[in-house]
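These protein sequences, in sequence, are chains A and B. Heads up: the first sequence at position 103 corresponds to 103 in the UniProt record's numbering, and the numbers run straight through without jumps. Heads up: the second sequence at position 23 corresponds to 23 in the UniProt record's numbering, and the numbers run straight through without jumps.
There are 2 protein chains.
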Amino acid sequence: MSEFKNATIVKAANVYYGGQVTSRTVHLENGTKVTLGIMLPGVYEFGTDGPEIMEILSGDLKVLLPGAEVWQEIKGAETFHVPGNSKFALEVFGVTDYICSYPEL
Amino acid sequence: MSEFKNATIVKAANVYYGGQVTSRTVHLENGTKVTLGIMLPGVYEFGTDGPEIMEILSGDLKVLLPGAEVWQEIKGAETFHVPGNSKFALEVFGVTDYICSYPEL
C-alpha cells in the first residue's frame, strides 16, 4: 500500500533539530496516528512515550536501540521497533524517508 | 482550517536538491492535489506545468516570480501565485513550511 486513504493530515510540519528532521502528522481511518518524516544527515536522539514502529522507506542510517550495545545498519527499506518510555539514537548518512507508527495511541 | 480531512497521502516523499527541499503529495477530497513541503536554507529554482499557489505557513525567504525584477521578501505566513509553464526562484534563509496547490490539476 503506497498511500494512506481517508486520512486527516495536519498542515503544519513538526520540526526537530533545526529542520534536519521534519515530519507531518497523519490521523488514519482506524483511529491511530502516524508521522511521515524526513531525516537529513546528522546524529539525533529521540524519546518515546508509547512504543513506536519506525518503517524506513528509503535511507542510509544506523540506529542504536535502547539497551543495545551495537548500532544496527539500515540501507534502504527496513522496519525497527522502539519500546515505549525509552530513548534511541540515530546516525543518518543519507536522506532518510520514514513512517513512524504509534500503535498504542 | 489546520488539517486536510478525507484525504489520500502518498507515503513516499518527493525529494529535491539532495533533500534540502522535500514534500509529500496529498490528494484532496475535491479531486485536487497539494504538496506539503519543507525547504531548508539554500537557493532553488523550480518550474511549473500548471499554475501553482504557494502558501507559506511559516518561513523566512525571498521569491523571484517570473517576469519580476524585484525579489519579494516573505517572513511568516504569506501566499504567492506562480503562473503555469514558468520558472521561479527562491532564496530560503530559515526553515520554511509550505503548502503548494495545483488548482488546475
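Ideal Cβ positions, reconstructed from N, Cα and C, are used throughout, including at glycine. The structure displayed is predicted, hence computed values, not measured ones.
Item: Secondary structure of G42/B, DSSP reduced to three states; Value: strand
Item: Coarse secondary structure for G59/B, derived from DSSP in three states; Value: strand
Item: Beta-carbon proximity of V21/A to M39/A, cut-off 7 Å; Value: yes
Item: Span of the beta strand (DSSP E), counted from its first residue to its last, around G23/B; Value: In the sequence on display, residue 23/B carries Ser and not Gly. From DSSP, the beta strand (DSSP E) with S23/B extends over 21-27.
Item: Three CB pairs or more closer than 8 Å across the region 62-74 of chain A and the region 22-36 of chain A; Value: no
Item: Neighbouring residues, chain B, relative to L57/A (Cβ below 9 Å); Value: K11, A12, A13
Item: Where the beta strand (DSSP E) through residue 107/A begins and ends; Value: The question about residue 107/A has no answer here: the residues shown for chain A are numbered 1 through 105.
Item: Candidates I99/B, P103/B, V63/B: closest to M1/B by CA position; Value: I99/B
Item: CB contact below 7 Å: residue 106/A versus chain B; Value: There is simply no residue 106/A to check, as chain A begins at 1 and stops at 105 in what is shown.
Item: Interface flag, I38/A vs chain B, CB-CB below 7 Å; Value: yes
Item: C-alpha distance - N85/B paired with E52/B, whole-angstrom precision; Value: 10 Å
Item: Listed by chain order, chain B residues near F4/A by CB distance under 9 Å; Value: A7, T8, I9, V10, K11
Item: 6 Å CB neighbourhood of V82/B in its chain, flanking five on each side removed; Value: T48, E52, F88
Item: Straight-line gap, E78/A to V63/A (C-alpha atoms, nearest Å); Value: 11 Å
Item: Cβ pair L90/A, Y44/A closer than 7 Å; Value: yes
Item: Which listed residue (E3/B, S58/B, A13/B) has its alpha carbon closest to that of G76/B; Value: S58/B
Item: Contact check, G19/B vs D60/B, beta carbons under 7 Å; Value: no
Item: Inter-residue Cα distance where the pair is E29/B and S23/B; Value: 19 Å
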